[in-house]
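So in the working numbering, spot 271 of the sequence shown is number 320, and the numbers just go up one at a time.
Report on one structure; see the data block that follows.
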Amino acid sequence: MKTQNILDQMILVVLNISLWQGRKALQMNDLALNGIDVDKLPPESLATLGSKRIISPDALKPFVALKRTAKRFCLKSGVRFGGDGYAIPREQAEALSQELNKIKSEFEVAKTNFLSIYEDEVEKWIASNQPEWSPIIRAAVDTPNHIKKAISFNYAAFDVKAPANIAENGLEEEVNNLFGQLCHEVRLVARRVFEKTFVGKQEVTFKALSPIMTIREKLVGLQFLDQSITDTIQIIDDTFSIIPADTAIKGTDLNMVAGLVGRQLANMGRPVATDADEEDLEFPGEDQALDEIVSQDTGKVVPITWDF
50 MKTQNILDQM
60 ILVVLNISLW
70 QGRKALQMND
80 LALNGIDVDK
90 LPPESLATLG
100 SKRIISPDAL
110 KPFVALKRTA
120 KRFCLKSGVR
130 FGGDGYAIPR
140 EQAEALSQEL
150 NKIKSEFEVA
160 KTNFLSIYED
170 EVEKWIASNQ
180 PEWSPIIRAA
190 VDTPNHIKKA
200 ISFNYAAFDV
210 KAPANIAENG
220 LEEEVNNLFG
230 QLCHEVRLVA
240 RRVFEKTFVG
250 KQEVTFKALS
260 PIMTIREKLV
270 GLQFLDQSIT
280 DTIQIIDDTF
290 SIIPADTAIK
300 GTDLNMVAGL
310 VGRQLANMGR
320 PVATDADEED
330 LEFPGEDQAL
340 DEIVSQDTGK
350 VVPITWDF
C-alpha cells in the first residue's frame with residue numbers, strides 16, 4: 050500500500066539523450082603507420098590504446114551543456130529513480146515537461162548548426178595537429194548522416210504501477226530507496242554549498258542563501274516520501290524566520306545558517322550524534338562545540354570534515 054501510495058503521487062521521467070563523442074578507438078595500425086614499434090607495446094590484458102579525437106571537443110560543448118541542464122531541471126524538483134529515471138512530484142511534472150521541451154528545441158537548433166559546420170570543424174582539427182596524423186584522423190571521420198543519427202534528445206513521462214502478475218518485481222525496493230536517494234542528493238548539494246558559500250567567510254548576503262530555498266522547494270514537492278521531510282522543511286523555515294533579509298548575515302546569524310547547511314542538511318538522513326557521541330568527536334585545533342561553526346577568533350566559518 051505504501052509503495053503504490055508513493056507511485057500515485059509521482060511521475061517517472063526518463064531522459065534519452067545521445068551524444069556523439071567525436072572520437073574513435075585507437076588501433077595498432079594507427080601507430081604502425083607513424084613508425085611506432087607496436088611489438089614493444091604492453092599486452093591488451095595490461096593496457097589499452099585509448100582513443101583518437103577526430104574533432105575538437107569544444108565543438109561538442111553545447112550538447113554536453115544542454116544534457117547537463119536537462120538533468121539539473123529533473124533533479125531540481127525530483128529524485129533519481131530506477132537508474133536513468135527521475136521521480137517527479139505529479140503536480141510539478143507539467144512544468145518540468147515545458148522546460149525539457151525548451152531544452153529539446155535548443156538541442157535541435159544546436160544540432161542543425163553543428164551539422165552545417167561539421168566538415169569545416171574536422172578540417173580545422175586536422176590542421177591543428179601534426180601532418181603525419183592527418184591520414185589517421187581522416188580515416189576515422191564519420192559521415193554527417195551518421196552524426197545526425199548519433200546526436201539526439203528525447204524524454205518520456207510515465208505513470209508507474211506494479212505488475213499484478215509478477216510478485217518479485219523489484220519495484221517496492223526501488224520505491225523504498227527513494228528517500229535515501231533524496232537524502233544523498235540533498236547532502237551532496239548542501240556540502241557543496243557550504244564549502245563554496247560559507248567556508249572562510251565572515252559574512253554572507255541573504256541572496257547567497259538561495260540554494261537553501263532550492264533545496265526546500267525540492268523537499269516540499271517530495272514530502273510524500275517520508276514524514277521526516279516535513280521536520281526538515283520546518284527547520285529551514287524557522288531559521289529563515291530569524292536571520293535578517295536586508296543586512297549582512299554574520300556572527301550568531303551566520304553560525305546558525307551555516308550550521309543549517311553544514312550540520313543538518315549536509316547530514317540529512319544520517320544518525321544524529323548523541324551527547325555520548327559528542328564526547329568522542331575530535332576537532333583540529335582548539336576544542337570546539339558541535340554547534341559552533343563560526344570561529345570565535347576570526348569570525349569566519351570553519352571547514353567541516355564529513356564522514357562520507
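All residues carry an ideal CB built from backbone N, CA and C; glycine is no exception.
Backbone secondary structure at residue i - three-state DSSP
{"i": "residue 66", "result": "strand"}
{"i": "residue 189", "result": "coil"}
{"i": "residue 143", "result": "helix"}
{"i": "residue 333", "result": "With a pLDDT of 35 at residue 333, under the threshold of 50, the modelled position of this residue cannot be trusted, and the question is left open."}
{"i": "residue 217", "result": "coil"}
{"i": "residue 342", "result": "coil"}
{"i": "residue 319", "result": "coil"}
{"i": "residue 271", "result": "coil"}
{"i": "residue 138", "result": "strand"}
{"i": "residue 294", "result": "coil"}
{"i": "residue 349", "result": "coil"}
{"i": "residue 211", "result": "coil"}
{"i": "residue 60", "result": "strand"}
{"i": "residue 165", "result": "helix"}
{"i": "residue 132", "result": "coil"}
{"i": "residue 259", "result": "helix"}
{"i": "residue 203", "result": "strand"}
{"i": "residue 160", "result": "helix"}
{"i": "residue 198", "result": "helix"}
{"i": "residue 100", "result": "strand"}
{"i": "residue 73", "result": "strand"}
{"i": "residue 250", "result": "coil"}
Whole-angstrom distance between residue j and residue i, CA atom to CA atom
{"i": "residue 184", "j": "residue 230", "result": "48 Å"}
{"i": "residue 71", "j": "residue 134", "result": "26 Å"}
{"i": "residue 220", "j": "residue 146", "result": "24 Å"}
{"i": "residue 101", "j": "residue 67", "result": "20 Å"}
{"i": "residue 351", "j": "residue 312", "result": "12 Å"}
{"i": "residue 358", "j": "residue 284", "result": "Only positions 50 to 357 of the chain appear in the structure, and residue 358 is not among them; the question remains open."}
{"i": "residue 162", "j": "residue 124", "result": "28 Å"}
{"i": "residue 349", "j": "residue 288", "result": "19 Å"}
{"i": "residue 244", "j": "residue 168", "result": "44 Å"}
{"i": "residue 355", "j": "residue 176", "result": "48 Å"}
{"i": "residue 225", "j": "residue 211", "result": "14 Å"}
{"i": "residue 218", "j": "residue 62", "result": "20 Å"}
{"i": "residue 251", "j": "residue 299", "result": "6 Å"}
{"i": "residue 156", "j": "residue 142", "result": "21 Å"}
{"i": "residue 320", "j": "residue 309", "result": "16 Å"}
{"i": "residue 295", "j": "residue 111", "result": "38 Å"}
{"i": "residue 131", "j": "residue 171", "result": "38 Å"}
{"i": "residue 305", "j": "residue 144", "result": "34 Å"}
{"i": "residue 269", "j": "residue 201", "result": "33 Å"}
{"i": "residue 344", "j": "residue 222", "result": "44 Å"}
{"i": "residue 192", "j": "residue 164", "result": "10 Å"}
{"i": "residue 290", "j": "residue 148", "result": "31 Å"}
{"i": "residue 109", "j": "residue 234", "result": "28 Å"}
{"i": "residue 259", "j": "residue 286", "result": "13 Å"}
{"i": "residue 253", "j": "residue 128", "result": "29 Å"}
{"i": "residue 107", "j": "residue 173", "result": "12 Å"}
{"i": "residue 249", "j": "residue 353", "result": "11 Å"}
Contact check, residue i vs residue j, beta carbons under 8 Å
{"i": "residue 154", "j": "residue 137", "result": "no"}
{"i": "residue 65", "j": "residue 203", "result": "yes"}
{"i": "residue 247", "j": "residue 307", "result": "yes"}
{"i": "residue 303", "j": "residue 239", "result": "no"}
{"i": "residue 186", "j": "residue 178", "result": "yes"}
{"i": "residue 60", "j": "residue 273", "result": "no"}
{"i": "residue 104", "j": "residue 73", "result": "no"}
{"i": "residue 69", "j": "residue 261", "result": "no"}
{"i": "residue 139", "j": "residue 58", "result": "yes"}
{"i": "residue 316", "j": "residue 241", "result": "no"}
{"i": "residue 188", "j": "residue 152", "result": "no"}
{"i": "residue 228", "j": "residue 275", "result": "yes"}
Residue environment, residue i, which counts as buried when at least 16 other CB atoms sit within 10 Å
{"i": "residue 271", "result": "buried"}
{"i": "residue 114", "result": "exposed"}
{"i": "residue 214", "result": "exposed"}
{"i": "residue 267", "result": "buried"}
{"i": "residue 281", "result": "buried"}
{"i": "residue 166", "result": "exposed"}
{"i": "residue 160", "result": "buried"}
{"i": "residue 158", "result": "exposed"}
Below-8 Å beta-carbon distance, residue i vs any chain B residue
{"i": "residue 157", "result": "Looking at the structure shown, chain B is missing, and only one protein chain is on hand."}
Contact test: residue i Cβ vs the ligand MN heavy atom, cutoff 7 Å
{"i": "residue 152", "result": "Questions concerning the ligand MN fall outside what the structure shown contains, since it holds no ligand whatsoever."}
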